[in-house]
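Asks:
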Amino acid sequence: MVLAPCRVSAVVVLAVLSQSGLAFAQASDTGAVPGGSSGAAVKPAEPAKDAPNKPVIVPPELIHFEHADYPPEALKAGLQAELVLKLTVDKEGNVTKADVPKPVGSGFDEAAISAALKFKYKPATRNGQPVAAITLYRYAFTLTPQAPAAAPPPAPTTGNLTGVVRLADTNSPLAGALVTLTLPSGSAQSITTDEAGKWQAKDLPAGRYKVHVEAPGFQAVENQEEVAAGEETEATYRLAPVTDGIEITVQGERPPREVTRRTIERREIERIPGTSGDALRSLQSLPGVARPPGLAGLLIVRGSSPQDTQVYVDGTLVPLIYHFGGLSSVVPTELLDRIDFYPGNFSAKYGRVDGGIVDVGLRSPDTQCTGDYGVATDKKGCFHGMAQVDLIDGRLMLQGPLPAKDWTFAVAGRRSWIDVWLKPVLESAGSSVTAAPVYYDYQAIVDHKTAASRFSLRFFGSDDKFRIIVTDPAAQDPAFGGALSFGTSFYRAQALYETNLTHSISSTSMLSAGRDNVGFSVGNFLFSLDAYNIYARHEFGFKVAPGVKFNAGLDFAIAPYEVTVRFPQPPRPGEPDPGPFASRPPQESHEKATVFRPAWYGEAELQPTNRLRIIPGVRVDYARDSGHADAAPRAVARYDLIKGTDPERPDQQRLRTTLKGGAGLFYQPPQFQETNPVFGTPGLYSNKSVHYSLGVEQEFSEHVELSLEGFYKALTNQVSRSPNASGAFTYNNIGTGSVIGLEALLKYKPGKRFFGWIAYTLSRSVRRDSPSSPEYLFQYDQTHNLIMLGSYRLGRGWEFGARFRVVSGSLDTPVLGSPALPALYAADSGAYSPLQAQAFSKRLPLFHQLDMRVDKRWQFRTWRFSTYLDIQNVYNNAAVEGLSYNYNYSKQSYQTGIPIIPSLGLRGEF
Amino acid sequence: MRSSSFSGAARLLRPAAFLGLGLLLSGCGPDFDPPDQLHSLRVLGVQKDKPYAKPGETVTLQMLWEDASPKADGRPIDLKWTPPCFDPAGDLYYGCFDDPSIFGGMFGSGDSTSFKMRDDIISSRPPPTDRRNTAYGVAYVFFAACAGTLTPDPSVGSGALPVACLDSSGKALGSDDFVAGYTAVYSYQEFGNENPVISGFEFNGQKLPDSAICLGADCQMKAEAPALDPADPANGIDCTTTPPDPRCIATCADDGKSSCHGYGIRPLVDRSDPANQEQDAVSVKQTGHGSGEQMWIDYYTDGGGFKSPVRLLNDATAGWNDNYGTEFYAPKDAKISRVWALVHDNRGGVAWAGISLKSQ
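If you want it as structure tokens, here you go:
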């Protein structure tokens, strides 16, 4: 699902979360209040703006109270006051900022602020991880009554604690919730809320109580409340529904550094129809991402080639993202913490590519405990497991705590079982199956997380392979017969360390080492790659002043590799068909070398006003293999015409309006075959592009937001080639091109029952091979791409979703028409070579498709079972995916895509 | 060594991945006439007496063609060849289109021609950048078969063959009556190549007598190949004998479809014949170890159909495939059907054999 880019700071986000109905009560017993008999009133914070689908939030807990001095003037005048403090509490629990939104004067404001800055909190946590937060604190200044002349009545020793429990999203009272009060001594008392959601406990001994509130189907909350003798403390709690998982979004300390970052929430990933719950496939429903042909898992971003977009796992480049080119992601959804997708104008942190970036974050192991029937609690130290099976594969996952404090683990694995049914299919087609198609992937995570740092060790990998002997070669090109083997595998061992060195300096380090192994052979043709990859990233963040932060980092890639290629020279997109491979002599290249590509970058995050954010940056890349260095300056800016929070009235939310834009330079090195001495031309420069974008984000309601963004990419120095008279090809950097487009996203953010969006992309992508050659539409140009999807929770565990897409047809290169011959007979291979017209000059018919999905979940006391039916192409539209021809290309017809495909999945978890 | 990147190299695996996916998920398309069933003017093969020719050697080319068009009925076919096109840009056949000396009317005629490989075909090119690759040259020879008159047509646009086939009224004929193609003759100083050798033919489990088989140039329609001439009863197929001639088969109402009875059929290719067990010398030099030729068999017929029109004969790495035959499905009509098997190797070598079958 597409989320509008996260443009609010972590503090603000946590402020919203911290106001989700949790009351922060404090009382003062003596001193702070003249007369010594009164304390701070207990009032709830404002309702949460949007509680569903949020993680378990534990608000900051006051652990050290500082008495305020009673203002002398007020004391003299006999004045009393009550005010609300707005406190910013950092990850260490320190109050870094205190404001009084509604000043009361007479010195009360200053006195309260002075005291509050000395408060000490146990920091707020989000899924157990300390985070900064804003909390409200009501402070009362009352005068102590004069001591009676007569013998005083006995001082009260008990107080009352009352409250109300409400739904977080609607503020409706919640009846039947269980409120449990626990004294420090351990004695407990439980109360059930009435129809008005109210509860009360009278005559409680004075002291601090732990209040735990839970209700089936809702996330439990827990807080500390102070009961003062002779006083009644009121508290309001708001419970959010239990969600399917955490929000996959970046909301922590890292502020946005890009014009557009689209983030997909877990519920959206798992429920988008037509994706079978596959995380990375859901990216194809975002604006700016073209629909790839058929089931191919290509990421075609803003008119670029698939190879122009790279996929990282927490900063480590991975060589492929889908098993067998599109069946499912190599990292299962269950282990994802977030998917950040940058369609362009991305941070200087990323480079070596001029399309888009997908950075997938692996999650910290989940040890959050749940009560009976899945009721969430804030207790930790529990194990979770999951088993899932569908028509393609089966997977297992286990996560939980390790014996050592703050250490957790997660292990997961997946294996396809398509070999079970595909092997007989292939054999019945006359092939001898040596190794049936199979894939598997695996992940292991060990995590250590404290309030100040996170250290994570990971090991993950993937393996796809099959080997068959095709005894019925294709008539179109008999070379593609015989022994055909295919295998790709990779693994990565990765260490990640994040910490705050000081209050103003943060450090993030990533080091990974791994291996890529790719092999493909058919007949006497061969491609084999064996590479040992080492990636190192490190970034320091320096907060030098309020509103000024510098980030400096390095991004190193080192890879000893050995590659063997034995193929005839392949054509480039747009070139005439060279004829069947069958009888062309292969060229061989064997190369053993080490790639070394260091990069350094720096960025400044400037916030001259609370509405404006400017991020200039620069990245310098060096490639030892080409001997070239590229410097790429970039800048993005965001300006809030209307801020989501009114500085004058911080307790009220407003509908945000934000302008955003950016420009930057991006480089992408040539591909292997382009600089290889046998197949290409050494010494090529990097492809170069300049990204421009300008857009606006407008909130229409609490849930509805519109994002509009126009973009333009100017492509220069593009690698191009032409055949030369010596029988080889000469590559050069004289290609040019451009991409222009508009992206619109109207989104309903996930609520209690519904999420959905309408995404539309309008674009045009063109290329020119040389200044003198004609401009042509790029292979992946897609003029219109409209996606409408939504998913609705029907209740009782049922959820229904649908996705409808209308997309411009793909481009195809037609063969010549009469009176010209459409093809020549290549007698040496017994097949025809098509004689083609202008490259990509034929637009195939409009694509449209409806996908639907139904989920049903059963919640048992200790585990949950769910199943889904995902139906692609519900009305069985024969979508055109290409042109097919008869043997001599004299007749043509449309090649249609997948018919209606139902997919059934089963899943159990605890 | 200067190369691009491991990441770039890794990207190369994506097409391979999609090939794999393509094998798993075949698309949906219409059923065109299979290429093995002949219903029009077709060229089936061009055999060179030297598939790999050394500089200065003379190469003779022989064409196998058939006019299976319903309009055939003895109509004349114009067969022509172009002069060789040496070392075109990129070693690509379409690099010859812009050379007026190739298509400028210098057509030889008939189903055979010859040319001399240029002496400097190799030496005029820069040496390979990788020592494992062998220096070579290449000559393309274009041919055309036309049920009318062939004529140069330089007016066609870019990328089109500058040749037209016109009927008597000057109208351009289409693909059913006009076939053009090319063959490439590679030239290595140190390597040669032999055409595969077919020693016989087996049908329905029986080896056919030599008199029932045609080989090479003898199979050409116009040639006097007695066993293949259905009009000559003396050399025809007698289905009244006991036991009956194995070439006599029953018609099938489904006309060559897979629902018909399948008759086993294959040319006899002796794997012990050195010509059928050649090493791919170019690959051997590249890899440093043995690498056979990739060999396959194309089956064609003008009546009926096949279970598999292309069969693997030898894989470069996996070796010989003994089960290289296919099954023949009879036509629905009582007729004499001609059947060809063309044995190809991946280095430009080819051999063919033909038989006739009588369905009744």
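So the protein lines, in turn, are chains A and B. The numbering used here applies: residue 1 is where the first sequence begins, and numbers increase by one. The numbering used here applies: residue 911 is where the second sequence begins, and numbers increase by one. Idealized CB from N, CA, C, for every residue including glycine. Every value quoted in this text rests on a predicted model; they were computed, and no experiment measured them.
(1) Is residue 1011/B close to chain A, meaning its C-beta is less than 7 Å from at least one C-beta of that chain?
(2) Taking only the alpha-carbon atoms, compute the straight-line gap between residue 829/A and residue 902/A and give it to the nearest angstrom.
(3) Give, in chain order, every residue of the segment 811-838 of chain A whose Cβ lies closer than 9 Å to some Cβ of chain B.
(4) Measuring CA to CA, which of 270/A, 183/A and 633/A is closest to residue 604/A?
(5) Can you tell me the Cα-Cα spacing of residue 591/A and residue 1033/B, whole angstroms?
(6) CA-CA distance, residue 1130/B and residue 839/A?
(7) Check each candidate in 670/A, 642/A, 481/A and 589/A and name the one with the smallest Cα separation from residue 354/A.
(8) Of the residues that make up the segment 455-477 of chain A, which ones have a beta carbon closer than 9 Å to any beta carbon in chain B?
(9) Residue 673/A by DSSP, collapsed to three states: which one?
(10) Is there a Cβ of chain A sitting closer than 7 Å to that of residue 1060/B, yes or no?
(11) What span of residues does the alpha helix (DSSP H) with residue 1013/B cover, start to end?
(12) Taking only beta carbons into account, state which residues of the segment 1076-1089 of chain B come closer than 8 Å to chain A, listed in chain order.
(13) So that I know if they touch, is there some Cβ in chain A lying closer than 7 Å to that of residue 1193/B?
(14) Is there a C-beta anywhere in chain B that falls below 7 Å from the one on residue 874/A?
(15) Compile a chain-ordered list of the residues in the segment 988-1000 of chain B whose CB is closer than 7 Å to at least one CB of chain A.
(16) Is there a Cβ from chain B that is less than 7 Å from the Cβ of residue 678/A?
(17) Decide if the segment 1228-1241 of chain B is in contact with the segment 1201-1219 of chain B; the criterion is three or more beta carbon pairs, one per stretch, under 8 Å apart.
(18) In this structure, does DSSP put residue 417/A in helix, strand or coil?
(19) Closest to residue 1266/B by C-alpha separation, out of 1158/B, 1221/B and 1164/B, would be which residue?
(20) Identify, in the order they occur along the chain, each residue of the same chain with its Cβ nearer than 7 Å to the Cβ of residue 89/A, setting aside the five sequence neighbours on each side.
(21) Do residue 450/A and residue 408/A come within 7 Å of each other at the CB atom, strictly closer than that value?
(22) Which of the residues in the segment 557-585 of chain A, read from start to end, lie with their CB under 7 Å from any CB of chain B?
(23) By the DSSP assignment, the beta strand (DSSP E) with residue 824/A in it spans what residues?
(24) Could you name the residues of the same chain whose beta carbon sits closer than 6 Å to that of residue 914/A, not counting the 5 residues immediately before and after it, in chain order?
(25) Could you check which residue in 1200/B, 1243/B and 1188/B has the C-alpha nearest to that of residue 1223/B?
(26) List the endpoints of the continuous beta strand (DSSP E) containing residue 587/A.
(27) At the 7 Å Cβ level, is residue 1201/B part of the contact set with chain A, yes or no?
(28) Does the Cβ-Cβ distance between residue 101/A and residue 118/A come in under 7 Å?
(29) If we count the other Cβ atoms within 10 Å of its Cβ and call it buried at 16 or more, is residue 747/A buried or exposed?
(30) Determine, using beta carbons only, whether residue 1306/B and residue 1101/B come nearer to each other than 7 Å.
(31) Among residues of its own chain, excluding the 5 on either side of residue 485/A, which ones have a beta-carbon nearer than 6 Å to its beta-carbon?
(32) Buried or exposed: residue 1115/B, going by 16 or more other Cβ atoms within 10 Å of its Cβ?
(33) Quick check on residue 372/A: does DSSP put it in helix, strand or coil?
(34) Residue 191/A: which of 206/A, 359/A, 208/A and 161/A sits nearest, CA to CA?
(35) The alpha helix (DSSP H) with residue 972/B in it runs from where to where?
(36) What residues of chain B sit near residue 587/A, judged by a beta carbon separation below 9 Å?
Replies: Taking the geometry as given:
(1) no
(2) 40 Å
(3) 816, 818, 819, 820, 821, 822, 823, 824, 825, 826, 827, 828, 829, 830, 831, 832, 833, 835, 836, 837 and 838
(4) 633/A
(5) 26 Å
(6) 39 Å
(7) 670/A
(8) 464, 466, 468, 469, 470, 471, 472, 473, 474, 475 and 476
(9) helix
(10) no
(11) 1010-1013
(12) 1082, 1084, 1085, 1086, 1088 and 1089
(13) yes
(14) no
(15) 997, 999 and 1000
(16) yes
(17) yes
(18) coil
(19) 1158/B
(20) 60, 95, 121, 123, 124, 132, 133 and 135
(21) no
(22) 559, 561, 563, 566, 576, 578, 579, 582, 583 and 585
(23) 823-826
(24) The question about residue 914/A has no answer, for chain A in this structure spans 1 to 910.
(25) 1188/B
(26) 587-597
(27) yes
(28) no
(29) buried
(30) An answer regarding residue 1306/B cannot be provided, because it is not within the stretch 911 to 1270 covered by chain B.
(31) 467 and 521
(32) exposed
(33) helix
(34) 161/A
(35) It is not in any alpha helix (DSSP H) - residue 972/B instead sits in the beta strand (DSSP E) that spans 968-977.
(36) 1038, 1040, 1043 and 1196
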